[in-house]
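Novice:
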Amino acid sequence: MLAVSFCLLLLPLHVTASILSGWVESPGYPRGYTPDSSLNWSRCAPPGHSIALMLTHLDMEDSDGCENDALEIFADDKQIDVLCGEKSFEDLASSVNPHLRSSASGCLSLSFHSDFSNTKRHTGFRGFYTLQDFDECDEDPDNGCTQFCHNYIGGYRCSCRLGYYLDTDRHTCTVSCSENLSGSLGGVVSSPFWPGPYSEHSHCSYTLSVEDNLQFLLHFTGEFDVEQGQDGRCVDALTVETSSGTLGPFCGSVAPSSPLLIHSNHARIVFTSDGQGSNYGFSVRYSTTAKTCPGMVTPKSTMVPQKTKYNQDDTVTVTCDPGSVLDTGDEEYMSSCQRTGVWSPVYPCEPVNCGQPDIPSDNALQLVDNDPRTLFLDEIEFKCESKYYKLEGDDKYICAASGMWTSVNGKDIFPKCIEVCGIPDKGSSASGRIFGGREAKLREIPWQLLTKTPRRGGASLINDRWALTAAHVVDGYEENPTTFFGGLIDGVKVKEGAHGEDSCRGDSGGPLFFPRLSSGNRDNSVAHHLVGIVSWGSPCDKTIESKKGYYTKVENYLKWIKETISREDQGEENEGE
Ligand SMILES: *[C@@H]1O[C@H](CO)[C@@H](O)[C@H](O)[C@H]1NC(C)=O
Ligand SMILES: *[C@@H]1O[C@H](CO)[C@@H](O)[C@H](O)[C@H]1NC(C)=O
Ligand SMILES: [Ca+2]
Ligand SMILES: [Ca+2]
Ligand SMILES: [Ca+2]
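208 is the number that my numbering gives to position 205 of the sequence shown; each next residue is one higher, with no gaps.
1. Specify the secondary structure class of residue 539 as computed by DSSP and reduced to three states.
2. Indicate the three-state DSSP secondary structure (helix, strand or coil) for residue 304 in the structure shown.
3. Would you kindly report the start and end of the unbroken beta strand (DSSP E) that includes residue 62?
4. Three-state secondary structure (DSSP) at residue 282?
5. Going by Cα to Cα distance, which pick from 236, 321, 211 and 298 is closest to residue 291?
6. Measuring CB atoms only, is the stretch 395–413 touching the stretch 474–481, in the sense that at least three cross pairs come out at less than 8 Å?
7. Excluding sequence positions up to five away, which residues of its chain have a Cβ less than 8 Å from the Cβ of residue 569?
8. Give the single residue among 45, 31 and 46 whose Cα lies nearest to the Cα of residue 39.
9. Below 8 Å, is the gap between the Cβ of residue 145 and the nearest heavy atom of ligand 4?
10. State the CB to CB distance for the pair residue 219 and residue 265, rounded to an integer number of angstroms; the pair is presumed to be in contact (CB under 8 Å).
11. Three-state secondary structure (DSSP) at residue 518?
12. Let me know the secondary structure DSSP gives residue 192 once reduced to three states.
13. Report yes or no: do the stretch 78–93 and the stretch 140–155 share at least 3 C-beta pairs separated by less than 8 Å?
14. Which residues in the same chain have their Cβ closer than 6 Å to the Cβ of residue 222, if we skip the five residues on either side of it in sequence?
15. Note the first and the last residue of the continuous alpha helix (DSSP H) segment covering residue 174.
16. Under the DSSP definition of a beta bridge, which residues are partnered with residue 354?
17. For residue 109, does the three-state DSSP call read helix, strand or coil?
18. For ligand 3, is there a heavy atom less than 8 Å away from the beta-carbon of residue 120?
19. Where does residue 239 land, buried or exposed, given buried means 16+ other C-beta within 10 angstroms?
20. Let me check understanding here. Comparing Cα to Cα, which of 107, 398, 111 and 96 lies closest to residue 82?
21. Can you grab the Cα-Cα spacing for the pair residue 26 / residue 68, in whole Å?
22. Just the Cα atoms here: how many angstroms apart are residue 167 and residue 257?
23. Taking the alpha-carbon of residue 370 as reference, which of 173, 358, 66 and 388 has the nearest alpha-carbon?
24. Helix, strand or coil for residue 83, going by three-state DSSP, please let me know.
25. Beta-carbon separation of residue 205 and residue 276 under 9 Å?
26. Under the criterion of a Cβ to heavy atom distance below 8 Å, does residue 105 qualify as lining ligand 1?
27. For residue 54 versus residue 104, is the C-beta spacing smaller than 9 Å?
28. Can you list, in chain order, the residues of its chain with a C-beta nearer than 6 Å to that of residue 581? Leave out the 5 residues immediately preceding and following it.
29. Apart from the five residues on each side of it in sequence, which residues of its chain come closer than 7 Å, Cβ to Cβ, to residue 574?
30. Does at least one heavy atom of ligand 1 sit under 8 Å from the Cβ of residue 43?
31. Residue 116: which of 76, 231 and 513 sits nearest, CA to CA?
32. If you draw a straight line from the alpha carbon of residue 581 to that of residue 534, how long is it in whole angstroms?
33. With a threshold of 7 Å on Cβ separation, who are the neighbours of residue 119 within its own chain once the five nearest residues in sequence on each side are excluded?
34. With 16 as the cutoff for other CB atoms within 10 Å, does residue 561 come out buried or exposed?
35. Could you give the DSSP three-state label for residue 208: helix, strand or coil?
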């Protein structure tokens with residue numbers, strides 16, 4: 004047996020050696036090389052071998068850095084030596100030859116050249132090259148054998164200690180430690196070689212699987228010692244994979260707290276170790292227990308009765324928390340604990356939706372944020388469309404658990420926008436007397452209206468729908484409604500040379516107003532109130548001495564004004580219904 008394998012190994016070596024060994028020498032050796040001569044030589048090794056060169060003779064012109072004549076030696080295109088001058092056989096053998104060698108499966112190349120002159124005759128060089136085995140075990144630290152390495156001519160192989168086997172990568176020694184424990188209701192799983200130090204390069208996987216009404220309990224027993232790095236990370240690791248996630252990795256010297264309840268009837272205990280260290284590992288006893296249901300059926304709800312543990316067939320009433328409802332609109336339902344540890348049925352409790360607040364579009368009331376979020380506890384804020392209104396009521400409302408928008412003061416009726424009358428814009432003032440009066444500025448008298456046809460006249464806005472004017476401005480034109488304009492200050496004067504001493508023709512229906520002196524408001528604008536309506540007077544010609552204007556006294560008609568407005572608005576509302 005031994006003799007046969009010896010022959011098998013020797014034979015290929017003999018064949019290749021006859022091809023890949025021989026002499027290499029400089030041109031003209033041994034008579035001597037001529038100027039301007041050169042030689043390029045290369046040999047490549049088959050897998051698992053290398054090419055070695057042994058120089059037996061070197062006699063070349065010497066020069067600084069061998070710049071004249073040189074013998075360059077390359078291993079795999081990398082220059083490993085440059086030689087010139089004379090060296091004895093002993094010198095070559097001790098200091099040059101040992102490193103003239105290619106890598107495993109690599110090439111060795113020579114490049115010899117001489118320059119244009121020779122000061123005297125030089126014989127050149129001669130060497131013997133051989134194909135040699137590459138000793139991977141000795142010379143290649145990356146050979147990959149995790150335990151034993153065996154060199155042979157043309158290759159190497161790895162082997163393992165007792166109890167290990169060589170992995171499919173043919174380099175790593177590992178242990179047989181995976182087991183399918185399906186169907187087993189209890190037992191013990193430990194690291195390889197427990198209670199001794201566990202094996203290096205282990206990858207163990209223990210599959211646990213039982214019927215779906217059971218779940219696993221893990222108890223760690225005895226010493227726990229799984230290699231942990233200085234940085235706290237697991238060098239070697241124990242993990243428990245379940246259908247709902249992975250527990251771990253566990254390592255160090257403190258076992259995971261026992262018993263470890265795995266809410267699953269499937270589990271895989273996985274243990275991996277690297278190539279170093281001598282730690283003792285773990286031992287875990289596994290058992291099974293009936294599945295229980297979790298302490299919550301669905302978020303944002305409470306369940307009755309409250310228990311520390313819910314077993315199969317337990318029934319509870321699930322009530323959505325305030326602010327949450329079922330999509331059916333109901334607030335509660337019954338759910339039962341199934342044998343597999345899940346609740347059924349499960350309906351989610353969703354937050355109450357108050358919906359977009361319903362405000363009439365013809366109203367001055369508006370939302371600060373036009374497209375607000377409308378779920379439980381979301382907020383909306385109201386404002387009035389312009390400064391000619393003020394908000395009456397609360398401005399902020401919250402979506403309440405009842406599904407109604409409710410103000411901080413508990414109101415569920417939205418606020419109103421009430422007209423603000425008689426306030427000129429900030430920065431302008433309607434004060435001053437009519438005598439020798441001046442032209443009004445824009446927005447100084449925002450309640451003033453003008454009509455031009457069929458008859459010229461004025462009017463005063465007294466809220467956002469009603470204006471007050473003199474009867475003769477509109478009387479007789481009911482069939483052909485009069486148009487009033489606001490926001491103007493350039494109404495054409497009626498009579499040359501006469502809205503500067505008193506009211507005049509064409510002012511009919513316009514306001515006579517006084518500031519209410521006690522009423523300075525926040526921005527210092529003074530509120531004005533309507534005292535009179537321009538009615539009639541003597542012709543407003545400068546040449547006439549006695550000038551008088553006559554006004555309707557508004558105060559006398561307050562009751563009639565209020566009644567008329569309220570009757571008409573009421574009528575309109577009823578019509579709308
Ligand atoms: C050797 O190679 C060098 C550079 O590639 C070249 O200049 C020289 O002529 C070659 N010599 C021979 C004999 O082929
Ligand atoms: C383990 O064995 C069971 C049968 O006993 C089989 O159904 C299951 O597929 C196996 N699991 C693995 C991971 O081999
Ligand atoms: Ca020379
Ligand atoms: Ca070898
Ligand atoms: Ca280790």
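Positions of the beta carbon are idealized from the N, C-alpha and C atoms, including for glycine.
Specialist: Answer, in terms of the structure:
1. Residue numbering aside, residue 539 sits at position 536 when the sequence shown is read from its first letter. In the structure shown, residue 539 sits in a strand (DSSP, three-state: E or B).
2. Taking the sequence shown and counting its residues from 1, the one referred to as residue 304 is at position 301. Note: residue 304 maps to strand in three-state DSSP.
3. Position 59 of the sequence shown, counted from the start, is the residue given in the question as residue 62. 52–62 is the span of the beta strand (DSSP E), which, as asked, contains residue 62.
4. Numbered from its first residue, the sequence shown carries residue 282 at position 279. Of the three classes helix, strand and coil, the one that applies to residue 282 here is coil, per DSSP.
5. Mapped onto the sequence shown, residue 291 falls at position 288. If we check each option's Cα against that of residue 291, 211 comes out closest.
6. no
7. Residue 569 sits at position 566 when you count from the first residue of the sequence shown. Hits under 8 Å: none found.
8. Locating residue 39 in the sequence shown gives position 36, counting from the first residue. It is 31.
9. As a working mapping, residue 145 is identified with position 142 in the sequence shown. Not so, every heavy atom of ligand 4 lies at least 8 Å from the Cβ.
10. Taking the sequence shown and counting its residues from 1, the one referred to as residue 219 is at position 216. Taking the sequence shown and counting its residues from 1, the one referred to as residue 265 is at position 262. With a Cβ gap of about 4 Å, residue 219 and residue 265 count as contacting.
11. As a position in the sequence shown, residue 518 is number 515, starting the count at 1. DSSP places residue 518 in strand when its eight states are reduced to three.
12. Taking the first residue of the sequence shown as position 1, residue 192 is located at position 189. Residue 192: strand per DSSP, three-state reduction.
13. no
14. As a first step, residue 222 must be located in the sequence shown, where it is residue number 219. Result list for residue 222: 261, 262 and 288, in chain order.
15. Against the sequence shown, residue 174 aligns to sequence position 171. Neither: residue 174 is in no alpha helix (DSSP H) and is coded neither H nor E.
16. Within the sequence shown, the letter at position 351 stands for residue 354. DSSP lists 327 as partners of residue 354.
17. Stepping through the sequence shown from its first residue, residue 109 is reached at position 106. Looking at residue 109 - three-state DSSP - the assignment turns out to be coil, as it is neither helix nor strand.
18. Position 117 of the sequence shown, counted from the first residue, corresponds to residue 120. Residue 120: yes, Cβ under 8 Å from ligand 3.
19. In the sequence shown, the residue the question calls residue 239 occupies position 236. Classification for residue 239: buried.
20. Taking the sequence shown and counting its residues from 1, the one referred to as residue 82 is at position 79. The shortest Cα separation from residue 82 among 107, 398, 111 and 96 belongs to 111.
21. For this step, residue 26 is matched to residue 23 along the sequence shown. For this step, residue 68 is matched to residue 65 along the sequence shown. If you take the alpha carbons of residue 26 and residue 68, they lie about 26 Å apart.
22. As a working note, residue 167 is residue 164 in the sequence shown. As a working note, residue 257 is residue 254 in the sequence shown. Taking the straight line joining both Cα atoms gives about 28 Å.
23. Residue 370 sits at position 367 when you count from the first residue of the sequence shown. Ranking the options by Cα distance to residue 370, first place goes to 388.
24. Position 80 of the sequence shown, counted from the first residue, corresponds to residue 83. Strand at residue 83.
25. The residue labelled residue 205 in the question sits at position 202 within the sequence shown. The residue labelled residue 276 in the question sits at position 273 within the sequence shown. Yes, the pair counts as a contact, with Cβ atoms nearer than the cut-off.
26. Stepping through the sequence shown from its first residue, residue 105 is reached at position 102. Because no heavy atom of ligand 1 lies under 8 Å away, the Cβ of residue 105 does not count as near it: no.
27. Your numbering for residue 54 matches position 51 in the sequence shown. Your numbering for residue 104 matches position 101 in the sequence shown. The answer is yes: Cβ separation under 9 Å.
28. Beyond the ends of the chain as shown, which are 4 and 580, falls residue 581; an answer cannot be given.
29. What you label residue 574 is simply residue 571 of the sequence shown in a count that begins at 1. Answer for residue 574: no residue qualifies.
30. Sequence index remark: in the sequence shown, residue 43 carries index 40 (1-based). Checking every heavy atom of ligand 1 against the Cβ of residue 43, one is found closer than 8 Å.
31. Within the sequence shown, the letter at position 113 stands for residue 116. If we check each option's Cα against that of residue 116, 76 comes out closest.
32. Any property of residue 581 remains undetermined from this structure, which presents the chain solely from 4 to 580.
33. To locate residue 119, count along the sequence shown from 1; it is residue 116. Once the five neighbours on either side are set aside, the close Cβ partners of residue 119 are 38 and 39.
34. In the sequence shown, residue 561 corresponds to position 558, counting from 1. Its Cβ having fewer than 16 others within 10 Å, residue 561 is exposed.
35. Along the sequence shown, read from residue 1 onward, the residue named residue 208 stands at position 205. Strand, per DSSP.
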